[in-house]
Structures are given as structure tokens and as C-alpha cells.
Amino acid sequence: MKLWQELVTTSLIGTGRKVPVLPSSGTPLETQLAALRGVEPERALLGAAALLYLYQQSGQLPRTQGGDLPEPCGTETLPRCRPGATHYLSMMVEGQHQDLLPEWLTTTALLEQRVPEELLPGLLEMGRKRSELREAIVPVIGQRGRWLAAQNQCWEYAAEFAEEASLWQTSKRGTRLLMIQQIRSHTPEHARQLLQSTWNEDSPEDRASFMETFTVGLSMEDEPFLENALTDTRKEVRQAAATLLAQLPASRLVQRMMERAKQFIRFDQDHIEVALPEERDAAMIQDGIEELNASYGSSNLGEKSWWLRQILQVIPPAYWVERWKMAPTVLVGQLEMEETREWKELFLEAWSAATLIHEDAEWAEAILTKHPTKTHLLDIMPPAQREAFLLRLLEAAGDTPYRNPAILPLLMQYQRSWSPELTRAVLIGLGKYFSSNDTSIYWQLHSALKEFARRMAPSFVAEAESILLPEVQKTPAWRRSFDEFLTVLQFRHQMLKEFSS
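For the sequence shown, my numbering begins at 12 and goes up steadily by one.
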């Protein structure tokens, strides 16, 4: 309300500099305000503020629904989750242990159950505020949830879009982005065709946003469209296209990078030889080779080394195995040789990036074995390989596993559910650490404990207490962190039990 803003302004600068202007009689509110005209400015200001405050607090008449009523909700096909599971969801929607909500949602989806109707508004509202939850929310809200989402624009991320072609042509960027994400998840070809239908009319900002959705369901069927996008007038679009094409080993972009690499890299007898590119030509620029920028985190590389790194990081690591007939462990070991040490950072950064882009688990383990600080590579290993790698590290560390500076960061990187074997190994290691009076990672481990509780097998709650509590009682400084750890593990244990009880 405009008058309220005027009163706020007057209160800030003082009635001596600005006298509140009150309306003459008209509506009932204006009649009451008009009665204050002519009194002292200070009294008029306070009286008007009191009236307007009460007026705003009293609300308004409900709006009348114009046009046809919405179609009723369709019949549910999924059963409601069990009452006990509902209780735990209610606690999280109300604010307790909200960081465990993804596990509840994932478990419900795996069991092909749905959220009870009474909790749908609260859950949909959480999805509005926390976009990272949306993908997990949508599969468990059922027909009623999608129907509710269609009635509230704030929840449209969970709605089913009808009349796609018409909506695509007329909607704003946010709605169109949600549409293309939703369609891309089940029919990538249809999403691409829909995007192509308006590509030339879309703004550069829209095109750049829409390109990001191609990470879902990316395939060689997208390659012609992405290759064409390399010539887009917008830098962000070209960069997005190059990033996506780099993930397709058979793409023309990757083949061009391989041809470039042949000019600069060769294996001579027993070591790698490097020649740096002399220039960044127009073709390289179009293929996404960027100029050196400190924001890329490669300040130790010179400009030409930076160009070469970008070429190498697009090439699948398996290419070098095939070309030079050497295993990944041998090639990574080459970086320690005196003849190659000059280029160690260049190859390590490029091969690590390529390993991540092409999700090469064999290369990930080879690099992590020699360079365990590359913790992000742990994510691309299959669960069994990842756990075997971590268990070997813990076993090799003997009685002092957490004195190995690589172990704690790697465990923190492993953000999925841990197996019983890894859970037990970590608990035993924690017990040894608590009993050793070692304080080298005291503060890091305090914050890590609660994270561990979110990932450990929850059935180990009793074993965790029996292993750790006797040691914690000897060192009171650990008590608070241990209690928080145990509370989270107990909550998860009871919550997951409710799905099967």
C-alpha cells in the first residue's frame, strides 16, 4: 500500500521535514484516516500507522474463482507410505533432521509408495525453497501432489505440463526450463525437438540456460545440434555445447582434439615428450579453448600449457592406453620420471579432468592411488570398487588410520550409503583414534562425525555405541560430537525400520 510506504518514509526523516498526507473521506478506511487531518503531525503519523497496521493484519476477502473449475485429481496408483514412515516425514517437514529427507524420499521411491496427502503442501513448499530436493520429491507425490502443484505457480516444478507446444511458445524462461528438464528425463529426443522449434527466436540467455538440461540423457543423437551450437553468437552457449560434446567420445569435437594432441604429444622410448601449441587459432577458440584466466585455478601453468591442458582434458583417457599400449597405472607413474616431471602438473590436471568427464573408473583408481588429494575422482568409481579402494587404505594404515592425511577427505567425499564392511572399518578406526589421544585432526573429525552418521549402515547403531562410547567417556571433549553422531544414526535406524514394520 502506497500510504504505508509514505508513513514509513516520514517516520525515518521526521515530521519536521515531511508531514503525512492523509486521504479525504471515501472508503471506510479513508474516513477513519480523514479524522486525523488537522491534528499534530506526530499524532497523525502514529494514528495512521496504527489504523493501517490493523487494516493489513485483518486480511482480505477471498478471491472469486473465474472461469471453469480445474479438473479433479486422477486416481492414485501408488499406496500411501506406512504411518510410522509418515511420522518421520512429518518431523522433517517441521524442521527436524531435514538433512535426512533425501534418504526418506529415495527409500519411498524405491518401495513405490507415496507421500500422504496431508503432508504434500509442506513437502512441495520445501521443494520450492530447496531446488536440490525437487528431483527426489516428484516421484513420491502421486497424482494428488502433481494436481496440487498445477494449482500453485510456486510449485510448478512438480506439475505435469499439458499442451507442451503451446506452453513452450508462450511461457517465461523459468517455466520453460522446468518443462525441458522434465521432458528430457524421459524423452530426450522430444525435448531437443521442442528446443529446436524456437531456437532462433530464443534470447541468448535462454539458449544458454536450456543447454544445461542436455546433461540428462546425453547421446550421439544430440551431437549434430550441439556441434551446430559451437557457432552460436553467445559465448556461454558455445562453452556449454563444447562441455557437452566433450562427454561424447565419438563426437567430432573429441576427434578434432585427438588430432590436435598428435601434434603436441608423443611417447619417445621411455618417456612422454611435449611440444606446446604456438597459437590459439579460430578453430581452437570455436571448440572451446579458453584464454588463461586465474579463476580456472591453473595459475601455475603458462598460457600455452593452459591451451594444451584444455585439449588433453577432452580426450578420453582410454585413448592413451590404446595408443601407447600401457596401463593407466604405468602412464600415471610416468609423471614421476625425471624427463616428464616438468609436465607433471599439466598431465595430472588434464588427465584428472578427462577421467571425470568420461567417467573412467580404472583411471580414477590409478590417479587416486598415486595422488589421493584428487578426491572428486572417487565419485565415478562403481560402489564395489570405491569401497574396496577405501578398505585397502584403511587396512594399510593399521592402528592409526586417521594419521594418513588422505583418508578423512576421501571418506568425506563418499556421500552415498556405506556398506556394512566399510561402516565397521570406519568405526574400528574411530575407536583406535579416540584411544590414542591423537589431536592432529581433532577439529576436522568433530565436524566429520555427523556426516559419517548420515552415511553409515544404520543397523550398526548398537555396535557404534559399544565401540566408541567407552573411549568417549575417557575423553569428555568428544562427548557432544559423539552424542550428535549417535542421535543421527538412531534417527535413521528407526526411520528406515518403519518402512518395513
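For each residue, glycine too, the CB sits at the ideal point set by N, CA and C.
Nothing here was measured: the structure is a model prediction, and the numbers come from that model.
Helix, strand or coil at residue i according to DSSP, with G and I counted as helix
i, result
"valine 126", "coil"
"isoleucine 478", "helix"
"phenylalanine 278", "strand"
"valine 50", "coil"
"valine 285", "strand"
"arginine 91", "strand"
"lysine 336", "coil"
"aspartate 243", "coil"
"methionine 231", "helix"
"alanine 257", "coil"
"methionine 348", "coil"
"cysteine 84", "coil"
"glutamine 324", "coil"
"threonine 198", "coil"
"valine 104", "helix"
"isoleucine 191", "helix"
"alanine 170", "coil"
"glycine 138", "helix"
"leucine 388", "helix"
"leucine 7", "Outside the displayed span of the chain (12 to 512) sits residue 7, for which this structure offers no information."
"serine 569", "The chain is shown only over 12 to 512; residue 569 falls outside these bounds and no answer can be derived."
"proline 469", "helix"
"lysine 485", "helix"
"serine 316", "helix"
Sub-7 Å separation of residue i and residue j beta-carbons
i, j, result
"glutamate 482", "glycine 442", "yes"
"valine 126", "leucine 135", "no"
"glycine 156", "leucine 178", "no"
"lysine 381", "serine 363", "no"
"proline 416", "leucine 405", "no"
"methionine 467", "threonine 434", "yes"
"proline 31", "threonine 21", "yes"
"methionine 103", "glutamine 109", "yes"
"glutamate 350", "histidine 282", "yes"
"tryptophan 15", "leucine 57", "no"
"isoleucine 368", "valine 343", "no"
"asparagine 304", "glutamate 356", "no"
Per-residue burial, residue i [other beta carbons within 10 Å of its own, 16 or more giving buried]
i, result
"serine 220", "buried"
"leucine 80", "exposed"
"cysteine 165", "exposed"
"serine 262", "buried"
"serine 451", "exposed"
"tryptophan 317", "buried"
"glycine 440", "buried"
"arginine 465", "buried"
"methionine 348", "exposed"
"leucine 264", "buried"
"leucine 23", "exposed"
"histidine 201", "exposed"
"valine 224", "The sequence shown places threonine at residue 224, not valine. So threonine 224 counts as buried."
"tryptophan 454", "exposed"
"arginine 491", "exposed"
"valine 19", "exposed"
"glutamine 258", "buried"
"glycine 2", "No information on residue 2 is available, as it lies outside the stretch 12 to 512 that the chain covers here."
"glutamate 360", "buried"
"glutamine 162", "exposed"
"leucine 121", "exposed"
Residue range of the alpha helix (DSSP H) that includes residue i
i, result
"leucine 419", "418 to 424"
"alanine 399", "394 to 407"
"aspartate 217", "215 to 222"
"arginine 466", "453 to 466"
"valine 437", "431 to 447"
"aspartate 494", "490 to 509"
"threonine 21", "13 to 24"
"alanine 361", "355 to 369"
"alanine 375", "372 to 381"
"glutamine 180", "175 to 181"
"arginine 155", "153 to 162"
"glutamine 43", "39 to 45"
"valine 412", "Correcting the residue identity first, residue 412 is proline in this sequence and not valine. Run containing proline 412: none; DSSP gives neither H nor E here."
"tryptophan 115", "112 to 121"
"glutamate 290", "Here glutamate 290 belongs to no alpha helix (DSSP H), and DSSP marks it neither H nor E."
"arginine 74", "Note, arginine 74: premise wrong, no alpha helix (DSSP H); not H, not E."
"arginine 427", "Looking at the DSSP string, arginine 427 is not in any alpha helix (DSSP H), and its letter there is neither H nor E."
CB contact below 7 Å: residue i versus chain D
i, result
"leucine 421", "Here chain D cannot be found, since the structure has a single protein chain."
Requested in this report: Assess, as a yes-or-no matter, whether the region 290 to 300 is touched by the region 330 to 348 under the definition of 3 or more beta carbon pairs within less than 8 Å.
Outcome: No, because fewer than three Cβ pairs between the region 330 to 348 and the region 290 to 300 fall closer than 8 Å, the two stretches do not touch.
Query raised in the report: Are the region 268 to 280 and the region 237 to 246 touching, with three or more C-beta to C-beta distances below 8 Å?
Result: no
Query raised in the report: Does the count of Cβ pairs from the region 92 to 101 and the region 39 to 49 closer than 8 Å reach three?
Result: no
Requested in this report: Could you tell me whether the region 338 to 352 touches the region 313 to 327, where touching means 3 or more Cβ pairs closer than 8 Å?
Outcome: no
Query raised in the report: Counting pairs of Cβ atoms below 8 Å between the region 209 to 216 and the region 226 to 235, do you hit three or more?
Result: Contact between the region 209 to 216 and the region 226 to 235 is absent, with fewer than three C-beta pairs closer than 8 Å.
Requested in this report: For the region 420 to 434 and the region 393 to 402, state whether three or more C-beta atom pairs, one from each stretch, are separated by less than 8 Å.
Outcome: They touch, by the three-pair rule.
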